[in-house]
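Quick mapping for you: the protein sequence lines, in order, are chains A and B. In terms of the working numbering, the first sequence opens at residue 2 and continues consecutively. In terms of the working numbering, the second sequence opens at residue 2 and continues consecutively. Just so you know, even glycine gets a beta-carbon here, dropped at the ideal spot from N, CA and C. Predicted model, so just to flag it, every value in this text is computed and none were measured.
Number of protein chains: 2
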Amino acid sequence: MNATFFDDWDAAPAPAPAAAQAGGAALAPVRADDKRVIGGKADINQLAPFKYPWAWEFFLNANRNHWTPLEISMAQDVHDYHRTLTAAERHVFENVLAYLTTSDILAMRNIGLAVMEKMSAPELQIYQARQVYEEALHTWTYQHCIESIGLEQSEIYNRYRVVPAIYGKIALANQRLARILHSDLDLSNRDTLHEFALSYFFFAAIFEGCWFYNGFTPIFALQRRGLMKGTAEQLQYIMRDEVLHCSFGIRVVRELLHEENLTLDPAAVRQLWQEAEAAESAYAHYILQTPILGYNADLHLAQFRFIANRRARQMGLEDPFPGAENALPWLDEQANLRKEKNFFETRVTEYQTGAALQWD
Amino acid sequence: MNATFFDDWDAAPAPAPAAAQAGGAALAPVRADDKRVIGGKADINQLAPFKYPWAWEFFLNANRNHWTPLEISMAQDVHDYHRTLTAAERHVFENVLAYLTTSDILAMRNIGLAVMEKMSAPELQIYQARQVYEEALHTWTYQHCIESIGLEQSEIYNRYRVVPAIYGKIALANQRLARILHSDLDLSNRDTLHEFALSYFFFAAIFEGCWFYNGFTPIFALQRRGLMKGTAEQLQYIMRDEVLHCSFGIRVVRELLHEENLTLDPAAVRQLWQEAEAAESAYAHYILQTPILGYNADLHLAQFRFIANRRARQMGLEDPFPGAENALPWLDEQANLRKEKNFFETRVTEYQTGAALQWD
């Protein structure tokens with residue numbers, strides 16, 4: 002638990018009513034200017050006035066686009082999986098699911114427990130609370146797919162521990178978070194603060210912005226051929242959430258660096274990208290050890306590099322993989338579920354009240 | 002950050018692929034029997050098999066009953082507040098809102114950051130992730146009411162610091178949580194574990210189960226007379242969530258006590274109830290210093306005692322206020338929003354797929 006939450010209460014019992022009644026400047030309402038991403042002194046319990054109104058907009062948008070996995074039929078996927086997919090395609094499908102389900106249950110705890118507690122402005126925490134829930138919703142979605150298709154739950158959930166190429170990505174994320182995101186972190190130390198910013202950047206831009214984004218792509222390749230369309234549509238919803246998590250996280254890190262007059266160390270950033278690419282390469286060559294129609298490990302990695310450049314630019318950093326080209330030009334269009342199915346346009350309006358979905 | 006999350010990753014870097022491939026019992030899937038509420042050794046990243054299937058049901062139910070404050074019209078409330086309410090009624094309304102908004106933003110952080118991190122079974126965390134989000138949704142709801150009616154945001158959010166009778170309840174909750182819910186708590190110590198169980202009980206049964214429950218009642222008294230019906234309907238949704246949080250929390254504490262062969266110390270429980278009643282009494286006499294039609298501080302307190310007995314019985318404890326009678330027999334019926342408006346029956350079915358709402 003971060004110190005900022007309970008300090009007031011640890012230091013002293015409830016003030017005598019007289020103290021509270023005394024009023025004066027100490028009890029004046031919060032001023033937006035006093036809020037900060039980290040280490041702000043403004044009372045964390047007062048939502049308004051907002052210093053970061055864009056964070057509140059992220060929260061409202063996320064709520065407008067609410068969905069649950071029960072809305073999407075999985076009937077055809079059961080048939081596809083058991084009757085149509087080749088062994089290589091089943092290998093891809095199962096391992097993607099195994100990777101994603103472990104990633105999202107980790108994401109739930111990490112963003113919820115390690116990052117959210119360090120924020121000192123409530124409007125940042127409130128979107129992260131939604132984000133924590135969305136990771137749980139994604140876990141439910143994978144569980145729903147696993148159950149619907151009849152895969153062996155225990156084996157799928159355990160697979161990340163057994164398959165080194167999956168374990169490598171999970172371990173990389175956990176090692177970074179384990180070193181940096183302890184609750185007793187002294188964020189008044191600038192080196193520590195830099196490490197925190199770097200880790201949040203890793204989590205938003207790489208873990209959510211590249212690995213999740215790319216994580217869905219092999220299933221979208223099946224979807225293009227009319228296979229596993231229920232699962233793919235579920236993943237389109239999840240992808241939208243993850244892209245918003247990525248955008249939000251990058252925005253928070255940029256605000257933090259600006260407020261603290263900090264810059265990410267270019268060598269440290271370069272190392273992040275190199276490690277991420279190496280882990281993704283091992284993963285791609287494992288899941289696609291036998292290529293499937295229209296998709297292979299080289300395409301997967303090329304796409305990773307292309308998306309990595311996009312994330313770096315969002316952050317205002319130089320391209321980690323100069324010249325990387327869009328290896329899967331169909332992906333961005335297909336990923337945008339409104340073009341695929343006009344799903345939201347045909348639904349009740351409450352959950353889509355006019356907000357154009359911000360795609361990255 | 003609780004030790005159980007990152008221990009594996011702190012202790013060692015990613016295993017060499019050979020180690021992961023070695024397999025064997027150490028890498029066998031999780032067994033449900035190995036899961037525990039606190040201190041379980043089963044891999045926290047594996048959702049299934051469930052040891053606590055009821056927790057998963059709580060999660061599914063909560064998702065089926067999704068709502069947002071934008072669905073409820075606030076137009077008549079604007080008129081009621083500015084044209085119809087008496088000064089005493091406005092005093093009640095504003096202070097109830099001020100209390101609730103501070104309580105829910107605290108609840109978001111406390112359940113999310115202090116309690117959730119201590120759970121060692123993912124199916125418990127996943128409902129708590131939803132719970133964290135619901136607290137954020139409630140904060141949005143109060144903000145929506147405050148904005149719609151045109152109250153001064155800063156003043157309302159700050160009021161809990163200025164008004165001792167509101168501050169008293171918030172401070173009591175925070176003091177308890179501050180002492181007990183640190184992330185470095187040694188939960189292998191039985192005294193500490195007892196303190197944790199007691200605090201979670203306080204939070205679920207008193208903070209959410211009594212104070213929130215009773216917190217809404219003054220507005221329901223206005224609603225009975227046809228006033229502030231939009232706000233009241235918003236609060237009916239929130240009340241349903243809070244009752245489920247209460248039921249879930251009590252269930253978790255009961256499981257924990259059972260697993261650990263612990264009993265709550267009766268004297269400590271008695272003190273909890275006494276402090277809670279004293280704080281509620283100060284609050285009731287402040288917000289109802291001038292009674293309103295059909296509602297006063299004595300009724301409010303009598304209802305608190307009646308609901309407190311209900312919570313104690315859910316926990317298997319003796320009545321803290323023997324003989325307390327149902328002072329507001331209309332409340333349970335009115336609080337059940339399906340009787341009030343049949344709201345869910347008239348909505349799209351996705352969000353209410355057959356699950357009868359479990360009311361307490």
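Where residue i sits in the DSSP three-state scheme
i, result
"M109 (chain A)", "helix"
"Y296 (chain A)", "strand"
"I39 (chain B)", "strand"
"M120 (chain B)", "strand"
"T291 (chain A)", "coil"
"E240 (chain B)", "Glu is not the amino acid found at residue 240 (chain B); the sequence shown has Met there. It is helical."
"V31 (chain B)", "coil"
"N310 (chain B)", "helix"
"Y168 (chain A)", "helix"
"Y53 (chain B)", "coil"
"W141 (chain A)", "helix"
"T232 (chain A)", "helix"
"P330 (chain A)", "coil"
"Q176 (chain B)", "helix"
"G210 (chain A)", "helix"
"D78 (chain A)", "helix"
"N62 (chain A)", "helix"
"P219 (chain B)", "helix"
"R255 (chain B)", "helix"
Status (buried if at least 16 other CB within 10 Å, exposed otherwise) for residue i
i, result
"W331 (chain A)", "exposed"
"D81 (chain B)", "buried"
"T102 (chain A)", "buried"
"D44 (chain A)", "buried"
"L151 (chain B)", "The residue you asked about is not Leu; residue 151 (chain B) is Gly in the sequence shown. Burial call: exposed."
"L294 (chain B)", "exposed"
"R160 (chain B)", "buried"
"P321 (chain B)", "buried"
"T264 (chain B)", "exposed"
"G231 (chain A)", "buried"
"K340 (chain B)", "Per-residue confidence for K340 (chain B) stands at a pLDDT of 41, beneath the threshold of 50, marking its modelled position as unreliable; the derived number appears in the next sentence. Exposed, by the Cβ-count rule."
"T87 (chain B)", "exposed"
"E153 (chain B)", "exposed"
"P30 (chain B)", "buried"
"G113 (chain B)", "buried"
"A277 (chain A)", "buried"
"S189 (chain A)", "exposed"
"Q275 (chain B)", "exposed"
"V79 (chain B)", "exposed"
"R191 (chain A)", "exposed"
Inter-residue CB distance, residue i and residue j (contact presumed, cutoff 8 angstroms)
i, j, result
"Q304 (chain B)", "A328 (chain B)", "5 angstroms"
"I106 (chain B)", "T69 (chain B)", "Not confirmed; about 18 angstroms, so no contact."
"L257 (chain A)", "I39 (chain A)", "6 angstroms"
"F204 (chain A)", "G250 (chain A)", "6 angstroms"
"R162 (chain B)", "L28 (chain A)", "5 angstroms"
Within 8 angstroms, strictly: CB atoms of residue i and residue j
i, j, result
"A115 (chain A)", "R37 (chain A)", "no"
"F197 (chain A)", "E124 (chain A)", "no"
"C1 (chain A)", "I308 (chain A)", "Outside the displayed span of chain A (2 to 361) sits residue 1 (chain A), for which this structure offers no information."
"A63 (chain A)", "R110 (chain A)", "no"
"A56 (chain A)", "S155 (chain B)", "no"
"R306 (chain A)", "A325 (chain A)", "yes"
"I171 (chain B)", "A99 (chain B)", "no"
"Y134 (chain B)", "F59 (chain B)", "no"
"L245 (chain A)", "A233 (chain A)", "no"
"S184 (chain B)", "E118 (chain B)", "yes"
"A174 (chain A)", "F208 (chain A)", "yes"
"T142 (chain B)", "Q77 (chain B)", "no"
"V164 (chain B)", "F202 (chain B)", "no"
"Y287 (chain B)", "A166 (chain B)", "yes"
"V97 (chain B)", "P219 (chain B)", "yes"
"E136 (chain B)", "A108 (chain B)", "yes"
By the 8 angstroms beta-carbon criterion, what residues does the segment 67-78 of chain B contribute toward chain A? H67, T69, L71, E72
Taking Cβ-Cβ distances below 9 angstroms as the criterion, which residues of the segment 237-259 of chain B are in contact with chain A? For the segment 237-259 of chain B, there are no residues whose beta carbon sits under 9 angstroms from a beta carbon of chain A.
Contact set between the segment 272-292 of chain A and chain B, restricted to residues whose Cβ is under 8 angstroms from the partner: none
Using Cβ-Cβ distances below 9 angstroms, what residues of the segment 100-122 of chain A are close to chain B? T102, T103, I106, L107, M109, R110, N111, G113, L114, A115, M117, E118
Note down, in chain order, all residues in the segment 31-57 of chain A with a beta-carbon under 9 angstroms from any beta-carbon belonging to chain B. Per Cβ criterion, the list reads V31, R32, D44, I45, N46, Q47, L48, A49, P50, W57.
If the cut-off is 8 angstroms on Cβ atoms, which residues from the segment 150-165 of chain A count as contacting chain B, listed in chain order? Q154, S155, E156, Y158, N159, Y161, R162, V163, V164, P165
When you check each C-beta in the segment 212-231 of chain B against every C-beta of chain A, which residues fall closer than 8 angstroms? none
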